[in-house]
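Residue numbers (this note's numbering): 856 to 1255.
Beta carbons are placed, not taken as given, at the ideal position from N, Cα and C, and that holds for glycine.
These numbers come from a predicted model, not from an experiment.
Single-structure report; data block below.
Shown next as structure tokens:
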């Protein structure tokens, strides 16, 4: 293995830009990066919108360094000046932008346009919105991102399919990307949590179908109700009462309860909102259902698999790079509610199948998707950029 030599004066300072530091996939990645035990790296988070106080507590207090630049709605170019002030005051070595929402302001701040001087800049593609799925990325944004690419020192995606999708949309070479899979704290999701069901109001004999995530249209939360409704009709009356546990919040929360009431099973749906004890909540589940219309490289799917849950999801984004259909989970086309219902019924009726698939999924995550491995790969990227400072770098893949 070739080792990269970096000067030993002071830690490498990384400024992470994020639209809103709260519950989300990119934000979970930042938590792991900030909690790294590597003394050679110092992480600083810059949130454009007000950070979530509860989410900040997931970062160790001694490593908690979060700034809020009070971005105004729409284009707020005053944010560029505020980011530059952080870069100068902290003597930032690398700027790492998490998603389109912080790309252009971050690039302008880092590269001192029109002089193009400043620290190396990384753009991490984190996925698409429901409007981008329906209508594509608007032309002006595609053009802006293609131009920005030529001043960006590294592009990162958490899955090969995502890199390919973005490259085709923008008109660049997919080889420009570094592929760094998301990773999770596998230990905390492999632990038993006695009393977790009782705290959620769930009986020991209930069959719990779970979901954790943001309740907006791209996750197809209405699909949760549709699949569960079909499943209830097929399951019949048994001693294992089916329950749907939905953890999260968002604009679809109230409509979901309305749908459940209209279908006549509101009493079977539990929606406790946001929770800070996700590992315990997952330990209360028997199967995990995520019918998303689009996914990046889903942290919650990784967490469910690490918890030993058989996962039913959709063949979108980076999910096929996590789940092998029929072996470590089940994958279907978006809105294939009949297929998802059939898989759920099989798991309900065959406990051996559920355990076999759940165990295989857990082994996959333990082997390939740990937070420690993800953090090591990002830190290798940072060191490589500093070693090649001033030149365009060729993307390498950390995914095998």
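Using the three-state DSSP reduction, which class does residue i fall into: helix, strand or coil?
i            : result
residue 995  : helix
residue 1127 : strand
residue 1066 : strand
residue 1187 : strand
residue 1179 : coil
residue 1225 : strand
residue 1142 : strand
residue 1061 : coil
residue 1034 : strand
residue 914  : coil
residue 1250 : At residue 1250 the pLDDT is 43, less than 50, meaning the model places this residue with poor confidence and gives no usable figure here.
residue 1240 : helix
residue 1085 : helix
residue 1235 : helix
residue 1162 : coil
residue 1214 : helix
residue 800  : The structure shown does not extend to residue 800, since the chain is modelled only from 856 through 1255, so no value can be given for it.
residue 1048 : coil
residue 1121 : helix
residue 1207 : helix
residue 1093 : coil
residue 1074 : helix
Kindly indicate the opening and closing residues of the beta strand (DSSP E) around residue i.
i            : result
residue 1117 : Careful: residue 1117 lies outside any beta strand (DSSP E), inside the alpha helix (DSSP H) at 1108-1118.
residue 1098 : 1097-1102
residue 887  : First-last for residue 887: 880-889, but that is the alpha helix (DSSP H), not the beta strand (DSSP E).
residue 1009 : 1009-1012
Determine the closest residue to residue i out of the options, with distance taken between C-alpha atoms.
i            : options                   : result
residue 1184 : 1089, 1172 and 1198       : 1198
residue 881  : 966, 867, 982 and 949     : 982
residue 1205 : 1148, 1138 and 1062       : 1062
residue 1278 : 1140, 1094 and 1036       : An answer regarding residue 1278 cannot be provided, because it is not within the stretch 856 to 1255 covered by the chain.
residue 1081 : 1133, 917, 1146 and 980   : 1146
residue 947  : 954, 939 and 953          : 939
residue 1013 : 1036, 998 and 1196        : 1036
residue 963  : 1059, 1151 and 976        : 976
residue 1058 : 1025, 1095, 1084 and 1067 : 1095
residue 1100 : 1188, 1129 and 942        : 1129
residue 1213 : 1079, 1236 and 1157       : 1157
residue 943  : 957, 966, 953 and 926     : 966
residue 984  : 958, 954 and 1051         : 954
residue 1243 : 1207, 1008 and 1124       : 1008
residue 998  : 959, 1133 and 1084        : 959
residue 1203 : 1143, 1115, 956 and 1148  : 1143
residue 952  : 978, 1207 and 941         : 978
residue 1138 : 1165, 1153, 1114 and 1152 : 1165
residue 1136 : 1196, 921, 1056 and 986   : 1056
residue 925  : 909, 1064, 905 and 1236   : 905
So, is the C-beta of residue i closer than 9 Å to a C-beta in chain D?
i           : result
residue 880 : Of the protein chains in the structure, only one exists, and it is not chain D.
Checking the sheet assignment: what are the DSSP bridge partners for residue i?
i            : result
residue 907  : Answer is none; residue 907 lacks a bridge partner.
residue 953  : 979
residue 1080 : Bridge partners of residue 1080: none, in fact.
residue 1028 : Beta-bridge pairing links residue 1028 to no other residue.
residue 922  : 901
residue 1002 : Paired residues: none, contrary to the question.
residue 872  : 901 and 952
residue 867  : 896
residue 1039 : 1225
What residue range is occupied by the uninterrupted alpha helix (DSSP H) comprising residue i?
i            : result
residue 1024 : 1015-1025
residue 1169 : No alpha helix (DSSP H) holds residue 1169; the beta strand (DSSP E) holding it covers 1166-1169.
residue 1192 : 1192-1204
residue 1135 : 1133-1138
residue 1322 : Missing from the structure shown is residue 1322; the chain here goes from 856 to 1255 and no further.
residue 1054 : 1051-1055
residue 967  : First-last for residue 967: undefined, no H or E at that position.
residue 944  : 933-945
residue 989  : 985-990
Is residue i near the ligand GTP, with its Cβ less than 8 Å from a heavy atom?
i           : result
residue 973 : This structure lacks the ligand GTP; in fact it carries no ligand of any kind.
Quick test of the definition: if touching needs 3 or more C-beta pairs under 8 Å, does the segment 1092-1111 touch the segment 1177-1187?
At 8 Å Cβ cutoff, the stretches do not touch.
Could you tell me whether the segment 1039-1056 touches the segment 1010-1026, where touching means 3 or more Cβ pairs closer than 8 Å?
Not touching, per the Cβ criterion.
Mind the definition here: the segment 1229-1238 touches the segment 889-898 only if three or more C-beta pairs lie below 8 Å; say whether that holds.
Because the criterion of three Cβ pairs below 8 Å is met, the segment 1229-1238 and the segment 889-898 touch.
Touch test, the segment 925-936 against the segment 1216-1227, Cβ-Cβ under 8 Å, three pairs minimum:
Counting Cβ pairs under 8 Å, fewer than three are found: no touch.
Does the segment 998-1014 come close enough to the segment 1023-1032 to have 3 or more Cβ pairs within less than 8 Å?
Touching, yes, given that three or more Cβ pairs across the two stretches are closer than 8 Å.
Kindly confirm or deny that the segment 910-918 and the segment 868-887 touch, where touching means at least three C-beta pairs closer than 8 Å.
Because the criterion of three Cβ pairs below 8 Å is met, the segment 910-918 and the segment 868-887 touch.
Three-pair Cβ contact test at 8 Å for the segment 864-873 versus the segment 896-906
With the cut-off at 8 Å, the segment 864-873 and the segment 896-906 touch.
Count the C-beta pairs between the segment 1073-1093 and the segment 1116-1131 that are closer than 8 Å, then say yes if the count reaches three, no if not.
Cβ pair count under 8 Å is three or more, so yes.
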